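**Student:** My structure is below; once you've seen it, I'll send some questions.
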Amino acid sequence: MADISLANLCVPGADLFVEASISGADLHALFDQVELDLAEVQREFAWTLRGRPTIDVFATGASYTTGLVQVFGYSGATAAFVADNSVSFFEPALRTILVNWEAVRERRPIAAIRHELTHYVTLEACAPRCDLVPAWLNEGQARLAEATIPGGEWRLVRVRYEAASMVATKTLMPLSALVSQIQWNNITSWGGYYKYQEAARATELLRGDIGGAQPIGQLYDRIRRGDDVARGYATLTGRTFDSFVSGLASRFADAVPAGPAIVMTPGPQADHGLGYLLYGFGSEQKVTVRLVGKRIEEWEEVTVSPQGAQFSEIADRYPPGTYVLAVTSGETVIASAKFEKRGGRPLSVD
11 MADISLANLC
21 VPGADLFVEA
31 SISGADLHAL
41 FDQVELDLAE
51 VQREFAWTLR
61 GRPTIDVFAT
71 GASYTTGLVQ
81 VFGYSGATAA
91 FVADNSVSFF
101 EPALRTILVN
111 WEAVRERRPI
121 AAIRHELTHY
131 VTLEACAPRC
141 DLVPAWLNEG
151 QARLAEATIP
161 GGEWRLVRVR
171 YEAASMVATK
181 TLMPLSALVS
191 QIQWNNITSW
201 GGYYKYQEAA
211 RATELLRGDI
221 GGAQPIGQLY
231 DRIRRGDDVA
241 RGYATLTGRT
251 FDSFVSGLAS
261 RFADAVPAGP
271 AIVMTPGPQA
281 DHGLGYLLYG
291 FGSEQKVTVR
301 LVGKRIEEWE
311 EVTVSPQGAQ
321 FSEIADRYPP
331 GTYVLAVTSG
341 ETVIASAKFE
351 KRGGRPLSVD
């Protein structure tokens with residue numbers, strides 16, 4: 011590739027090319043993750059890949075943007091837009107995945123590649139009836155794949171609790187508005203993030219209803235035979251798809267404690283720090299988040315999303331002791347959580 015040097019990492023089952031400036035532990039992490047992801051997506055969908063996905067990993071956002079132009083043939087404006095709104099991207103026509111390593115390397119486990127490989131497998135496993143796969147299922151399954159990688163529990167917490175927060179703020183989107191890829195792509199801003207959470211949660215519930223070790227593999231088998239999702243769901247569960255759709259909001263809400271509240275999660279930076287999610291607050295509610303310990307007190311004014319949620323992190327740099335995280339409005343404490351920090355150990359929920 012002109013101006014960008016890519017080296018081939020010999021991963022069985024894929025053509026993995028990595029920008030030459032990526033080295034050392036990062037190369038090992040990439041090799042191991044791609045090898046694991048390839049095995050897992052094929053197991054998940056009960057499908058053996060016929061083709062070899064091409065995965066090009068770029069070291070920086072700038073080289074990622076260049077790759078979108080040179081590999082995918084996008085215009086400069088389109089490449090800039092895609093680069094600003096993604097950390098990885100799958101181009102179905104080319105069966106190729108591009109990855110912005112700068113954007114994904116710090117968050118473990120690495121999830122972006124499995125997301126895109128899920129799209130790749132879906133395209134193969136549903137042929138010749140890929141037209142029967144709605145965007146919400148295609149994208150929801152890919153987001154759910156990120157959240158179910160070992161070590162990605164914090165992502166699954168966000169999927170479940172943010173979907174519930176959408177119900178509380180009446181910002182849940184009808185699945186009928188998330189069917190075509192055009193509909194999907196036209197939802198931007200906050201909705202552009204939360205559509206993934208809603209779709210992933212709906213997909214998680216659909217998987218549970220079908221049951222078995224490979225529920226989506228069963229559904230994709232029905233799709234290959236010409237069943238749409240509604241017919242496939244009814245065949246596999248004995249229930250109507252209308253009942254599934256009409257029950258989503260209550261199932262989202264009933265699965266988590268009512269808000270407004272705080273849920274603590276493992277930290278997004280591997281074993282460092284702690285994450286926390288405010289959920290069930292008012293749409294764009296302004297609150298103060300206070301972190302209080304024996305030798306520290308910090309506060310921050312935040313405005314939660316229109317969906318009533320806000321995710322943040324507590325770095326693993328504070329002295330040992332017991333801490334309280336409180337969300338207040340004026341003098342009123344709306345929600346609180348407590349955690350313990352022990353010397354030389356990651357933060358943990360009390």
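Per our numbering, residue 11 is the first one in the sequence shown, and the count goes up by one each step.
Each residue gets a CB set at the ideal place from its N, CA and C atoms; glycine is no exception.
No experiment lies behind these values; they were computed from the predicted model shown.
#1: Counting C-beta neighbours from all protein chains within 10 Å, is the total for D66 16 or more, i.e. buried, or is it exposed?
#2: DSSP on E294, reduced to helix/strand/coil?
#3: So L26 packs on V44, CB below 8 Å; how close in whole Å?
#4: Is the beta carbon of I107 sitting closer than 8 Å to the one on S98?
#5: Mind checking if E214 is an interface residue toward chain E, Cβ cutoff 8 Å exclusive?
#6: If we ignore side chains and look at the alpha-carbon of each, how far apart do F55 and K348 end up?
#7: Could you give the C-beta distance for R168 and Q207, rounded to a whole number, given that I count them as a contact under 8 Å?
#8: Taking the straight line between their C-alpha atoms, what separation do you get for L357 and A271?
#9: Is D66 helix, strand or coil when you go by DSSP?
#10: Answer yes if the region 215–225 comes into contact with the region 119–132, meaning at least three C-beta pairs across the two stretches below 8 Å, and no otherwise.
#11: Buried or exposed for K180, please, with buried defined as at least 16 other CB atoms from any protein chain shown within 10 angstroms of its CB.
#12: Based on the DSSP output, what are the partners of F254 in its beta bridges?
#13: Output the boundary residues of the alpha helix (DSSP H) element that contains S175.
#14: How far does the beta strand (DSSP E) with V28 in it extend, from its first residue to its last?
#15: Given a threshold of 16 other Cβ atoms within 10 Å of its Cβ, counted over all protein chains shown, does T363 qualify as buried or as exposed?
#16: How is I272 classed by DSSP in three states: helix, strand or coil?
#17: Just grab the DSSP bridge partners of A6 for me.
#18: Specify the secondary structure class of Y84 as computed by DSSP and reduced to three states.
#19: In chain order, what residues of the same chain lie with their CB nearer than 6 Å to the CB of E172, ignoring the 5 residues before and after it?
#20: Quick one: what does DSSP say G202 is sitting in, helix, strand or coil?
#21: Along the chain, where does the beta strand (DSSP E) that runs through W427 open and close?
#22: Given a cut-off of 8 Å on the beta-carbon distance, is the pair V177 and F41 in contact?
#23: Tell me the residue span of the alpha helix (DSSP H) that contains F41.
#24: Which same chain residues end up closer than 6 Å to F82 when comparing Cβ atoms and leaving out the 5 residues on each side of it in sequence?
#25: Please state whether DSSP places S96 in a helix, a strand or coil.
#26: Express the C-alpha separation of R211 and Y328 in angstroms, rounding to a whole number.
#27: Apart from the five residues just before and just after G218, which ones in its own chain have a Cβ nearer than 8 Å to its Cβ?
#28: By how many angstroms is the C-alpha of S175 removed from the C-alpha of N18?
#29: Could you please give the first and the last residue of the uninterrupted alpha helix (DSSP H) stretch that includes L246?
#30: Which of helix, strand or coil does DSSP assign to R300?
#31: So, is C136 buried or exposed, given that buried needs 16 or more other C-beta atoms within 10 angstroms?
#32: Pairs of beta-carbons, one from the region 151–162 and one from the region 249–260, closer than 8 Å: are there three or more?
#33: Can you find the residues in the same chain that come closer than 6 Å, C-beta to C-beta, to T275, ignoring five residues on each side of it along the sequence?
#34: Got a sec? Which residues, its chain only, sit under 7 Å from G340 by beta carbon, not counting five neighbours each side?
#35: Could you pull the start and end residues of the alpha helix (DSSP H) that N196 belongs to?
#36: Excluding the 5 residues flanking P278 on each side, which residues of the same chain have their C-beta closer than 7 Å to its C-beta?
**Tutor:** With the structure as the only source:
#1: Here residue 66 refers to the residue found at position 56 of the sequence shown. With a threshold of 16 other beta carbon atoms within 10 Å, D66 meets it and is buried.
#2: Here residue 294 is taken as the residue at index 284 of the sequence shown, counted from 1. DSSP places E294 in coil when its eight states are reduced to three.
#3: Taking the sequence shown and counting its residues from 1, one reaches residue 26 at position 16. Taking the sequence shown and counting its residues from 1, one reaches residue 44 at position 34. About 6 Å separates the CB atoms of L26 and V44; that is less than 8 Å, so the two are in contact.
#4: Numbered from 1 along the sequence shown, position 97 holds the residue referred to as residue 107. Numbered from 1 along the sequence shown, position 88 holds the residue referred to as residue 98. A distance below 8 Å separates the beta carbons of I107 and S98.
#5: Absent from the structure: chain E. Only one protein chain is present.
#6: As a working note, residue 55 is residue 45 in the sequence shown. As a working note, residue 348 is residue 338 in the sequence shown. If you draw a straight line from the Cα of F55 to the Cα of K348, it comes to about 40 Å.
#7: The sequence position of residue 168 within the sequence shown is 158, counting from 1. The sequence position of residue 207 within the sequence shown is 197, counting from 1. Cβ atoms of R168 and Q207 come within 8 Å of each other, at about 7 Å.
#8: Looking up residue 357 in the sequence shown gives position 347. Looking up residue 271 in the sequence shown gives position 261. Only weak support is given to the placement of L357: the predicted model assigns it a pLDDT of 48, under 50, and the value that follows is read from those uncertain coordinates. Each residue's alpha carbon lies about 20 Å from the other.
#9: Here the question's residue 66 lines up with position 56 in the sequence shown. It is a strand residue.
#10: Contact fails: fewer than three Cβ-Cβ distances are below 8 Å.
#11: For the purposes of this step, residue 180 is taken as the residue at position 170 of the sequence shown. Residue environment for K180: exposed (fewer than 16 other C-beta atoms within 10 angstroms of its C-beta).
#12: For this step, residue 254 is matched to residue 244 along the sequence shown. DSSP lists no partner for F254.
#13: By 1-based counting over the sequence shown, the position of residue 175 is 165. Taken as a continuous stretch (DSSP letters only), the alpha helix (DSSP H) holding S175 covers E163 to A178.
#14: Locating residue 28 in the sequence shown gives position 18, where the first residue counts as 1. Taken as a continuous stretch (DSSP letters only), the beta strand (DSSP E) holding V28 covers D25 to E29.
#15: Because residue 363 is not part of the residues shown, which for the chain are 11 to 360, the question remains open.
#16: Here residue 272 corresponds to residue number 262 of the sequence shown, with the count starting at 1. Strand at I272.
#17: An answer regarding residue 6 cannot be provided, because it is not within the stretch 11 to 360 covered by the chain.
#18: The sequence position of residue 84 within the sequence shown is 74, counting from 1. Here Y84 sits in coil by DSSP.
#19: For the purposes of this step, residue 172 is taken as residue 162 along the sequence shown, with counting starting at 1. Excluding sequence neighbours, E172 sits near Q207 and A319.
#20: Along the sequence shown, read from residue 1 onward, the residue named residue 202 stands at position 192. Note: G202 maps to helix in three-state DSSP.
#21: Because the chain in this structure spans residues 11 to 360, residue 427 falls outside the shown range and cannot be described.
#22: Counting from one through the sequence shown, the residue named residue 177 turns up at place 167. Counting from one through the sequence shown, the residue named residue 41 turns up at place 31. F41 sits away from V177, with the two beta carbons spaced by 8 Å or more.
#23: Your numbering for residue 41 matches position 31 in the sequence shown. The continuous alpha helix (DSSP H) containing F41 extends over residues A35 to E54.
#24: Indexing the sequence shown from 1 puts residue 82 at position 72. If the five residues before and after F82 are omitted, its C-beta is found closer than 6 Å to the C-beta atoms of E101, all from its own chain and listed in chain order.
#25: On the sequence shown, residue 96 is found 86 positions in, with the first residue counted as 1. If DSSP states are grouped into helix, strand and coil, S96 belongs with coil.
#26: Here residue 328 corresponds to residue number 318 of the sequence shown, with the count starting at 1. Here residue 211 corresponds to residue number 201 of the sequence shown, with the count starting at 1. Inter-residue distance for Y328 and R211 is about 34 Å (C-alpha atoms, whole angstroms).
#27: For the purposes of this step, residue 218 is identified with residue 208 of the sequence shown, where counting begins at 1. Once the five neighbours on either side are set aside, the close Cβ partners of G218 are P225.
#28: Within the sequence shown, residue 18 is the residue found at index 8, counting from 1. Within the sequence shown, residue 175 is the residue found at index 165, counting from 1. One C-alpha to the other measures close to 44 Å.
#29: Indexing the sequence shown from 1 puts residue 246 at position 236. For L246, the enclosing alpha helix (DSSP H) covers residues V239 to T247.
#30: What you label residue 300 is simply residue 290 of the sequence shown in a count that begins at 1. In the three-state reduction of the DSSP assignment, R300 falls in the strand class, which pools E and B.
#31: As a position in the sequence shown, residue 136 is number 126, starting the count at 1. A buried status is given to C136, since no fewer than 16 other beta-carbon atoms sit within 10 Å of its beta-carbon.
#32: Contact fails: fewer than three Cβ-Cβ distances are below 8 Å.
#33: Residue numbering aside, residue 275 sits at position 265 when the sequence shown is read from its first letter. Closer than 6 Å at Cβ, skipping near neighbours: W164, V167 and G285.
#34: Numbered from 1 along the sequence shown, position 330 holds the residue referred to as residue 340. Excluding positions up to five away in sequence, the list is empty.
#35: Here residue 196 refers to the residue found at position 186 of the sequence shown. For N196, no alpha helix (DSSP H) encloses it, and the DSSP letter there is neither H nor E.
#36: As a working note, residue 278 is residue 268 in the sequence shown. The beta carbon of P278 is closer than 7 Å to those of R117, W164, G285 and E323 in its chain, skipping five residues each way along the sequence.
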